[in-house]
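What follows is a single structure, written as structure tokens, with notes after it.
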Amino acid sequence: MVNLSKLMENEVFMAFASYTTIVLSKMMFMSIATAFYRLTRKVFANPEDCAGFGKGENAKKYLRTDDRVERVRRAHLNDLENIVPFLGIGLLYSLSGPDLSTAILHFRLFVGARIYHTIAYLTPLPQPNRALAFFIGYGVTLSMAYRLLKSKLYL
Amino acid sequence: MVNLSKLMENEVFMAFASYTTIVLSKMMFMSIATAFYRLTRKVFANPEDCAGFGKGENAKKYLRTDDRVERVRRAHLNDLENIVPFLGIGLLYSLSGPDLSTAILHFRLFVGARIYHTIAYLTPLPQPNRALAFFIGYGVTLSMAYRLLKSKLYL
Amino acid sequence: MVNLSKLMENEVFMAFASYTTIVLSKMMFMSIATAFYRLTRKVFANPEDCAGFGKGENAKKYLRTDDRVERVRRAHLNDLENIVPFLGIGLLYSLSGPDLSTAILHFRLFVGARIYHTIAYLTPLPQPNRALAFFIGYGVTLSMAYRLLKSKLYL
Numbered sequence: 002m003v004n005l006s007k008l009m010e011n012e013v014f015m016a017f018a019s020y021t022t023i024v025l026s027k028m029m030f031m032s033i034a035t036a037f038y039r040l041t042r043k044v045f046a047n048p049e050d051c052a053g054f055g056k057g058e059n060a061k062k063y064l065r066t067d068d069r070v071e072r073v074r075r076a077h078l079n080d081l082e083n084i085v086p087f088l089g090i091g092l093l094y095s096l097s098g099p100d101l102s103t104a105i106l107h108f109r110l111f112v113g114a115r116i117y118h119t120i121a122y123l124t125p126l127p128q129p130n131r132a133l134a135f136f137i138g139y140g141v142t143l144s145m146a147y148r149l150l151k152s153k154l155y156l
Numbered sequence: 002m003v004n005l006s007k008l009m010e011n012e013v014f015m016a017f018a019s020y021t022t023i024v025l026s027k028m029m030f031m032s033i034a035t036a037f038y039r040l041t042r043k044v045f046a047n048p049e050d051c052a053g054f055g056k057g058e059n060a061k062k063y064l065r066t067d068d069r070v071e072r073v074r075r076a077h078l079n080d081l082e083n084i085v086p087f088l089g090i091g092l093l094y095s096l097s098g099p100d101l102s103t104a105i106l107h108f109r110l111f112v113g114a115r116i117y118h119t120i121a122y123l124t125p126l127p128q129p130n131r132a133l134a135f136f137i138g139y140g141v142t143l144s145m146a147y148r149l150l151k152s153k154l155y156l
Numbered sequence: 002m003v004n005l006s007k008l009m010e011n012e013v014f015m016a017f018a019s020y021t022t023i024v025l026s027k028m029m030f031m032s033i034a035t036a037f038y039r040l041t042r043k044v045f046a047n048p049e050d051c052a053g054f055g056k057g058e059n060a061k062k063y064l065r066t067d068d069r070v071e072r073v074r075r076a077h078l079n080d081l082e083n084i085v086p087f088l089g090i091g092l093l094y095s096l097s098g099p100d101l102s103t104a105i106l107h108f109r110l111f112v113g114a115r116i117y118h119t120i121a122y123l124t125p126l127p128q129p130n131r132a133l134a135f136f137i138g139y140g141v142t143l144s145m146a147y148r149l150l151k152s153k154l155y156l
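Residue numbers (the working numbering), protein chains in the order written: chain A, 2 to 156; chain B, 2 to 156; chain C, 2 to 156.
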């Protein structure tokens, strides 16, 4: 039987596991940020969420949108759109036997870029801060996809 | 050569595979629910989707939004935002050699919480039903992330 | 120690890696398509994004929505909603030791259907082109989920 705990002795895979866990935890933080702004600004999407703030018509006034809440939601969706490809391509790339230092460089750049993207989106920092962070993360994922397809294409 | 079918003899991994398949199938059901409400309520986002209901201006009146459709879409997006971290962190956690009964407890709680979350969102049940379901799933994923980083951190 | 590079000698897994990398790269292209339409049509969601097009009130007029941009965003979200289940279920299915030609048929159908879905959404082609593409991809994922649960259920 394959000793699975041995899979975790592979350094590239362990590094991938660590960086992925960090970047996914960061993404999960966006849910808390959304909830925080919804509660402090009393901005809700569902009638049952603001039932505690009043009855009938009085509560309905909290069913509205808010710039800050929408900003956090866009940042969250952008995370999803970029972290899902990293998750899939990064996992397969890690299993394809890349050089350890190259792999870690990819993971560090991606995680750093996504954390900076969130800071740039939520502050907000002037462009091109956010665009730059986006394209670094994007480029890292494409670079891993390229190496994977170059060495292991099987259609 | 690694006998991959042996990977599936690892009980934690098999349990992860089963629960993940169930929770992803549940998430896929949300697409059907959206399509159902769009068709029965004649609420569409694309002109080509309602071309069969009339011509020209007559069809355009179906390009609208609807509370129930938006509710299903929010539930679907919330699924994505929470199941993606579970997928990534849960896979790595399963490979890190956790205790079988602890792992199964995590998976069961998560899948149960997400199914209850959908019921609470679509019925809708009064709060804090949905919030509670959300935080149980969220806590399970964080707990797996914590155990993973504590035992296998490699940066 | 498990020789991970051997995992990539498994043909089903290599095929999964190749098709997944292609379909995820296709999904990443949607970000570029959104950015392209936002820039050429001057349609932005964030004030800092259109700061270069004018000052104060002059720039604010670009904070608007646009049919074409919203269409690309819907196509992108639909990709996410369908590729995430394929990623999770497909990975586990690949590891469950399926027949090579059956597995490749599943992967090819899925990737082809999702590429056709994007073409049908962005052109746009009349229905039922997009609906058909959606249901082929959906059926492929369900078929893999069914085989996985039938052979490896462990709850």
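Idealized CB from N, CA, C, for every residue including glycine.
Item                                                                                                                       : Value
C-alpha gap between Met-2 of chain A and Asn-11 of chain B, whole angstroms                                                : Confidence is the limiting factor: at Met-2 of chain A the pLDDT is only 31, short of 50, which leaves the residue's position unreliable and the question unanswerable from this model.
Runs of alpha helix (DSSP H) lying entirely within the region 50-131 of chain A, each at least 4 residues, in chain order  : 58-61, 68-96, 101-123
Interface residues of the region 98-129 of chain B facing chain E [CB-CB below 7 Å]                                        : The question asks about chain E, but that chain is absent: this structure's protein chains are A, B and C.
Cutoff 8 Å: Met-28 of chain B Cβ touching any chain C Cβ                                                                   : yes
Lys-27 of chain A - containing alpha helix (DSSP H), residue span                                                          : 12-42
Contact list for Val-85 of chain A against chain C, beta-carbon separation under 9 Å                                       : Leu-25, Met-28, Leu-81, Ile-84, Val-85, Leu-88
Val-141 of chain A classed as buried or exposed, judged by whether at least 16 other C-beta atoms fall within 10 angstroms : buried
Exposure label - Ile-84 of chain B; buried when at least 16 CB within 10 Å                                                 : buried
Contact check, Ser-19 of chain B vs Leu-150 of chain C, beta carbons under 8 Å                                             : yes
Own chain partners of Arg-69 of chain C with C-beta closer than 8 Å, once the 5 adjacent residues on each side are dropped : Tyr-38, Arg-42
Any chain C beta carbon closer than 8 Å to Tyr-20 of chain A                                                               : no
Contacts of Arg-75 of chain B in chain A (Cβ-Cβ under 7 Å)                                                                 : Ala-46
Rounded separation between Leu-126 of chain A and Ile-120 of chain A - CA only                                             : 8 Å
Ala-34 of chain B: contacting residues in chain C (beta-carbon distance under 7 Å)                                         : Going along chain C, no residue has its Cβ under 7 Å from Ala-34 of chain B, so there is no contact; the nearest lies around 12 Å.
Beta-carbon separation (whole angstroms), Met-145 of chain C vs Gly-91 of chain C, contact threshold 8 Å                   : 6 Å
Within chain A, partners of Glu-58 of chain C - CB distance below 8 Å                                                      : The contacting residues do not exist; Glu-58 of chain C stays about 16 Å from chain A at best.
Short Cβ contact (8 Å threshold) for Glu-93 of chain A with Ile-137 of chain A                                             : It should be noted that the sequence gives Leu, not Glu, for residue 93 of chain A. Contact: no.
Assumed close pair Asp-80 of chain A, Met-31 of chain A - CB separation to whole angstroms, cut-off 8 Å                    : 6 Å
Test: Ala-52 of chain C CB closer than 8 Å to a CB of chain A                                                              : yes
Closer than 8 Å to chain C by CB, Ala-16 of chain B                                                                        : yes
CB of Val-13 of chain A within 8 Å of CB of Leu-101 of chain A, strictly                                                   : yes
For Leu-40 of chain C and Ile-116 of chain C, the rounded distance between their alpha carbons                             : 24 Å
Min CB distance Thr-41 of chain A to chain C below 8 Å                                                                     : no
Cα-Cα separation, Val-24 of chain C to Leu-78 of chain C                                                                   : 14 Å
Residue from C:Pro-129, C:Arg-148, C:Ser-152 whose Cα sits closest to the Cα of Asp-50 of chain B                          : C:Pro-129
Residues near Arg-72 of chain C in its chain [Cβ-Cβ closer than 8 Å; skip 5 each side]                                     : Tyr-122, Leu-123, Pro-125
Rounded C-alpha distance that separates Gly-113 of chain C from Ser-26 of chain C                                          : 13 Å
Phe-45 of chain A - partner residues in DSSP beta bridges                                                                  : A:Leu-64
Three-state class that DSSP yields for Leu-133 of chain C in the structure shown                                           : helix
Pick from C:His-107, C:Arg-75, C:Thr-103 that is closest to Phe-87 of chain C, judged by C-alpha positions                 : C:His-107
C-beta neighbour in chain C for Met-2 of chain B, strict 8 Å                                                               : Caution applies to Met-2 of chain B, whose pLDDT of 31 falls short of 50 and renders its modelled position unreliable; the value that the coordinates give is listed next. Interface residue, yes.
Residue of C:Met-28, C:Glu-82, C:Phe-54, C:Arg-148 minimising C-alpha distance to Tyr-139 of chain A                       : C:Met-28
Proximity test, Cβ basis, 8 Å: Leu-133 of chain A and chain C                                                              : no
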